[in-house]
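Residue numbering for the sequence shown follows full-length UniProt numbering, beginning at 1 and increasing consecutively. Here a beta-carbon is modelled for each residue, glycine too, at the ideal position from N, C-alpha and C.
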Amino acid sequence: MHLPWIFPRFKHETLVFFSSAPYLLTRTPNPSSPSPPPPNPLPTPSMSAKEISNPDLSSSATEATTPSPASTPEIALSWPSDGILTVEWIRALTAALDWASRHLPPSGLPSVLPFPVFHRLVLAASNLLHKERNCVTVDVGDEPCSVVVVGDVHGQLHDVIFLLEDAGFPSEDRFFVFNGDYVDRGAWGLETFVLLLAWKIFLPHRVFLLRGNHESKYCTSVYGFEKEVMVKYGDQGQQVYRKCLRCFEGLPLASIIAGCVYTAHGGLFRSMNIASSKRSKGKKGRKIVTNVNTNLLKLGSLEELQNARRTVLDPPWEGSNLIPGDVLWSDPSLKPGISPNEERGIGLLWGPDCTEEFLKKYNLKLIIRSHEGPDARDKRHDLTAMNDGYTIDHTVESGKLITLFSAPDYPQFQATEERFNNRGAYIVLQAPDFTSPEFHTFEAIKPRPQANAYYDFEEVIDSDEELDLQSMDHGSALEGITAIQTE
């Protein structure tokens, strides 16, 4: 017996690379036929992480019922008395967030996710995240398993719920790596972030949440997340927002999967081991890198990435700590070499030669980055459009560079004729070598619940490329760090 789907199945495509040859597998359900069964049933209260992906291990898997998003939650969520999250709790959280998005005004969210519960959840997640290294190692071990890689989701809660169900929930043999940009633009950034934090707490060594450029104070003040939190939590909104910012600071910057795949939100980064003609007036006359001669730019090392200081509200665009900004904001180019990313005002542009250099140096086969949706690619006519949720931007001797975007029908609030009607995608990497990516594309869950935008999408620039990042007040950012750390 299989459980019913949370959402109806849409036309779904899987593109698999075997060596250098792509194979496109398409399945379209017959409207007159029953929906096909899901690859895995929804988790049940008594199931362990191993049983989530192996339903035969648990008899309760055939007895569970899918929580109906349209049914009213019995009570507000409470934090487990022992402080340990279970699959049952995450199922209840998912159903409550989905139901609230459809049946309550935004200010009603605390009635299903009370502030004390949010506080305990984000604190537990933040403690985990801050202990992780800048570049986390996804150790897949020797047992058969898969790794699901997800790109930008931008507060599109219902598409994230579908993606998790479609790919199969995180478990002992199904890892997830998220490439950041959980918030902004979409109406349910807070709910999306909270849901993924819950999975992180439940399976900390199977779920990896990386930072995106929108997990910053500046971007969230421009693209709606700050206002979203204030509307939803009212008088407690400032506390909720600060706790989220503190959590953002702890998100790792990159991952290495199975020793052969590098993932990050933006991509590659510069070396900071460059002599500068200027010295700071600080202690010991430490060197700072300012106005670096572009002829001196070269790729950074994984060692430099591990040693960078990531706990900043807004990654700096100048000074001696440029690696976080590079990792979050950089873009690939078809032009050889490495150069400043003048369109964005932060980060780099790197060419196929740099991709080859990085892959070869670290014996990698794939780079999977995100950061560019259909709006960004609409302005870059030399690169492939982001219509299907992914593009292959560099194919070099050692492997490939892939851009992955997981928010379909984006951006949410633009007029119909201004939206791109794009598909979203996620990647599955399978044992034993994890180097042949399977591309799974999907359409948006529609109709979306009615919602209002939390930013002026008609006036605010529609793409990160045009942000004036040099207007960031780094003094205020430092004050914000102090305020957050003292809470």
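Mind checking which residues open and close the beta strand (DSSP E) that includes Gln-430? 424-430
Along the chain, where does the alpha helix (DSSP H) containing Gly-325 start, and where does it finish? 323-329
Go through its chain and collect everything with a Cβ distance to Ala-407's Cβ below 6 angstroms, but skip five positions before and after it. Asp-152, Val-153, His-154, Gln-156, Gly-424
Residues bridged to Cys-145 [DSSP beta-bridge criterion]: Note: Cys-145 sits in no beta bridge, so no partner.
Residue closest to Ile-254, alpha-carbon to alpha-carbon, out of Gly-186, Val-312, Gly-180: At residue 254 the sequence reads Ala, which differs from the Ile that was named. Taking only the C-alpha atoms, the option nearest Ala-254 is Gly-180.
Determine the DSSP secondary structure at Tyr-390, reduced to helix, strand or coil. strand
When Ile-256, Pro-114, Ala-124, Cys-247 are compared against Asp-82, the one with the closest alpha-carbon: Ala-124
Looking at Asp-375: is its Cβ nearer than 8 angstroms to the Cβ of Leu-334? no
Kindly indicate the opening and closing residues of the alpha helix (DSSP H) around Arg-246. 237-250
Between which two residues does the beta strand (DSSP E) containing Leu-366 stretch? 366-369
Nearer than 7 angstroms: is that true of the beta carbon of Val-150 relative to any heavy atom of the ligand ADP? Looking at this structure, you won't find the ligand ADP or any other ligand, since it has none at all.
I need the straight-line Cα distance from Arg-91 to Ser-330, nearest angstrom please. 36 angstroms
Name the residue from Glu-438, Pro-447, Glu-443, Leu-302 whose alpha carbon lies nearest to the alpha carbon of Val-149. Glu-438
Is it the case that the Cβ atoms of Tyr-390 and Gly-224 are separated by a distance below 8 angstroms? no
Does the stretch 223-238 touch the stretch 315-332, meaning 3 or more C-beta pairs lie closer than 8 angstroms? no
Quick one: give me the first and last residue of the alpha helix (DSSP H) that Pro-340 is part of. It is not in any alpha helix (DSSP H) - Pro-340 instead sits in the beta strand (DSSP E) that spans 338-340.
Three or more beta-carbon pairs under 8 angstroms between the stretch 199-216 and the stretch 256-266, yes or no? yes
Go through its chain and collect everything with a Cβ distance to residue 488's Cβ below 7 angstroms, but skip five positions before and after it. A question about residue 488 goes unanswered here, because the residues of the chain that appear run from 1 up to 487.
Residue range of the beta strand (DSSP E) that includes Trp-350: 348-350
Delimiting residues of the alpha helix (DSSP H) encompassing Ala-125: 115-131
Using a 10 Å radius around the Cβ and a threshold of 16 neighbouring Cβ atoms, would you call Ser-126 buried or exposed? buried
Relative to the alpha-carbon of Gly-325, which residue among Thr-311, Pro-336, Pro-114 has its alpha-carbon at the smallest distance? Thr-311
Pro-170 burial status per 10 Å Cβ neighbour count (16 or more: buried): buried
How is the beta strand (DSSP E) around Val-207 delimited, first residue to last? 207-209
Let me know if Thr-403 comes out buried or exposed under the rule of 16 or more other beta-carbons within 10 Å of its beta-carbon. buried
Considering Cα atoms alone, identify which of Pro-252, Phe-248, Glu-343 is closest to Asn-134. Pro-252
Which same chain residues, not among the five before or five after Leu-93, have their C-beta less than 8 angstroms away from its C-beta? Leu-77, Leu-113, Val-194, Leu-195, Ala-198
When you compare the CB positions of Pro-340 and Leu-348, do they come within less than 8 angstroms of one another, or not? yes
Per-residue DSSP class, three states only, for Phe-413: coil
Which whole-angstrom value describes the C-beta separation of Leu-364 and Tyr-426, a residue pair presumed to lie in contact below a C-beta threshold of 8 angstroms? That pair is no contact at about 20 angstroms.
Excluding the 5 residues flanking Leu-129 on each side, which residues of the same chain have their C-beta closer than 8 angstroms to its C-beta? Lys-200, Leu-209, Cys-247, Gly-250, Leu-251, Pro-252
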